[in-house]
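Number of protein chains: 2
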Amino acid sequence: MDHEHNHDACIEQALSSADEICARRGVRLTPMRRKVLERIWQSHEAIKAYDLIGQLSSADRTVKPPTVYRALDFLLEQGLIHRIESLNGFVGCDRPQKAHQSQLFICRDCGHVSECGDEGIRRALDREAARQGFHTEARIVEVRGLCARCQDRAAHA
Amino acid sequence: MDHEHNHDACIEQALSSADEICARRGVRLTPMRRKVLERIWQSHEAIKAYDLIGQLSSADRTVKPPTVYRALDFLLEQGLIHRIESLNGFVGCDRPQKAHQSQLFICRDCGHVSECGDEGIRRALDREAARQGFHTEARIVEVRGLCARCQDRAAHA
DNA sequence: GAGAGAGATGTTATAACATAACATTCCTTA
DNA sequence: TAAGGAATGTTATGTTATAACATCTCTCTC
Ligand SMILES: [Zn+2]
Ligand SMILES: [Zn+2]
Ligand SMILES: [Zn+2]
Ligand SMILES: [Zn+2]
Chain Z
1 MDHEHNHDAC IEQALSSADE ICARRGVRLT PMRRKVLERI WQSHEAIKAY DLIGQLSSAD
61 RTVKPPTVYR ALDFLLEQGL IHRIESLNGF VGCDRPQKAH QSQLFICRDC GHVSECGDEG
121 IRRALDREAA RQGFHTEARI VEVRGLCARC QDRAAHA
Chain S
1 MDHEHNHDAC IEQALSSADE ICARRGVRLT PMRRKVLERI WQSHEAIKAY DLIGQLSSAD
61 RTVKPPTVYR ALDFLLEQGL IHRIESLNGF VGCDRPQKAH QSQLFICRDC GHVSECGDEG
121 IRRALDREAA RQGFHTEARI VEVRGLCARC QDRAAHA
């Protein structure tokens with residue numbers, strides 16, 4: 001994911017894609033679920049559940065944790081977002097069309113999360129699983145470090 | 001790691017290895033740190049911080065969270081244990097002699113965690129990082145599924 | 001062996017993350 | 001329009017983790 005981009009287009013694309021996917025699957029992208037997804041897509045950084053709760057609450061109406069966690073559960077089930085275990089956070093999924101397990105590269109400086117679906121990584125994990133006779137059900141891969149942009153910034157500072 | 005083994009030997013080996021490593025590095029494996037490490041090594045399953053707190057507390061003396069979390073921080077820094085992000089748990093490290101990032105295979109049935117240091121997996125991650133210009137600092141790889149033993153048990157049931 | 005300083009642990013309180021259990025509302029469809 | 005399921009609201013609580021400050025315990029120096 002390029003850092004310089006029309007992010008409004010990202011959001012719009014993600015939401016209309018989600019509409020389409022949910023319609024096709026016969027599941028309901030309710031207003032609450034859609035609002036949560038929209039908030040998550042405000043950036044390409046991880047967002048936390050309680051930040052969502054704060055953002056979705058207003059003076060006259062506070063959204064409670066179960067409401068948001070239920071929406072997150074739905075979005076995770078539908079593969080519209082990913083959970084980042086090492087941050088207790090969530091990001092929108094780039095390629096929600098078909099279920100997949102992602103590899104996430106997370107910048108410790110700017111927080112940018114980029115997703116990739118590299119076959120080589122999956123294959124390497126499967127090879128090791130086969131060696132152990134392990135039956136894989138889910139793969140969690142999170143790489144922490146510095147994105148290219150933040151390395152440049154550091155070099156020029 | 002074989003499931004059938006003399007686990008007392010595992011524990012003893014892990015502790016004496018930790019003694020030796022800490023002595024060599026000039027850091028202190030204090031009684032509290034050693035007790036926490038010993039508890040973690042009671043099994044090859046992930047153990048949670050609050051379970052450790054419970055186990056280390058007695059009628060007359062309750063161990064408080066910061067005490068245990070500080071010991072865990074020390075053990076993590078020294079590479080004597082690994083944190084499992086997807087479980088909020090901890091396991092002893094198989095090969096603490098030199099710092100490394102592990103790949104963990106976690107059985108959802110028996111809880112057994114096996115560690116591997118497969119080069120192929122590391123290389124595949126590095127290849128993708130290079131493609132993105134990403135500078136890797138840490139790799140988190142956790143594979144969830146069923147271990148060979150639990151698959152057998154399921155097949156024969 | 002008194003005193004200084006660093007490192008480790010104890011203590012209190014609270015922050016941050018997540019779910020159980022049950023009530024109510026909303027949607028669909030018969 | 002009544003029934004039933006799905007979604008959301010509400011209250012309470014469970015679980016995981018850390019901040020801030022006090023005390024203790026070594027070791028080193030004088
Ligand atoms: Zn964007
Ligand atoms: Zn960055
Ligand atoms: Zn063992
Ligand atoms: Zn198993």
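One line per chain: the protein sequences are Z and S, in this order.
Going by the UniProt record's numbering, the first residue of the first sequence is number 1, and it counts up by one from there.
Going by the UniProt record's numbering, the first residue of the second sequence is number 1, and it counts up by one from there.
The C-beta atom is built at its ideal place from N, Cα and C for all residues, glycine as well.
Ligand 6 heavy atom lying under 7 Å from the CB of residue i
i      : result
H44(Z) : Among the ligands present in this structure, namely ligand 1, ligand 2, ligand 3 and ligand 4, ligand 6 is not found.
Endpoints, the beta strand (DSSP E) within which residue i is located
i       : result
V63(S)  : Here V63(S) belongs to no beta strand (DSSP E), and DSSP marks it neither H nor E.
G92(S)  : G89 to G92
Q103(S) : Q103 to C107
Local conformation of residue i per DSSP, three classes
i       : result
E12(S)  : helix
R33(S)  : helix
A119(S) : For the sequence presented, residue 119(S) should be read as Glu rather than Ala. Looking at E119(S) - three-state DSSP - the assignment turns out to be helix.
E128(S) : helix
H7(Z)   : helix
A138(Z) : strand
S17(Z)  : helix
R28(S)  : coil
R144(Z) : strand
Residue i, enclosing alpha helix (DSSP H) - first and last residue
i       : result
R149(Z) : A148 to A155
I81(Z)  : No alpha helix (DSSP H) holds I81(Z); the beta strand (DSSP E) holding it covers I81 to I84.
G54(S)  : A49 to L56
Exposed unless 16 or more other CB atoms sit within 10 angstroms - verdict on residue i
i       : result
S102(S) : buried
G26(S)  : exposed
R139(Z) : buried
D94(Z)  : buried
Q78(S)  : buried
S16(S)  : exposed
E142(Z) : buried
R33(Z)  : buried
S58(Z)  : exposed
G133(S) : exposed
H156(Z) : exposed
Could you list the residues in the region 117-136 of chain S with a C-beta less than 8 Å from some C-beta on chain Z, going in chain order? D118, G120, I121, R123, A124, L125, R127, E128, A129, Q132, G133, F134, H135 and T136
Determine which residues of the region 65-89 of chain S have a Cβ less than 7 Å from any Cβ of chain Z, and write them out in chain order. E85 and S86
Anything with a beta carbon under 5 Å from a heavy atom of ligand 1 counts; list them all in chain order. Proximity to ligand 1 was defined by a C-beta distance below 5 Å to any of its heavy atoms, and the residues meeting it, in sequence along the chain, are H7(Z) and C10(Z).
Name, going along the chain, the residues of the region 140-152 of chain Z whose beta-carbon falls closer than 8 Å to a beta-carbon of chain S. I140, V141, E142, V143, R144, G145, L146, C147, A148 and Q151
The region 34-51 of chain Z: which residues have C-beta closer than 7 Å to a C-beta of chain S, in chain order? Considering only beta carbons, no part of the region 34-51 of chain Z lies closer than 7 Å to chain S.
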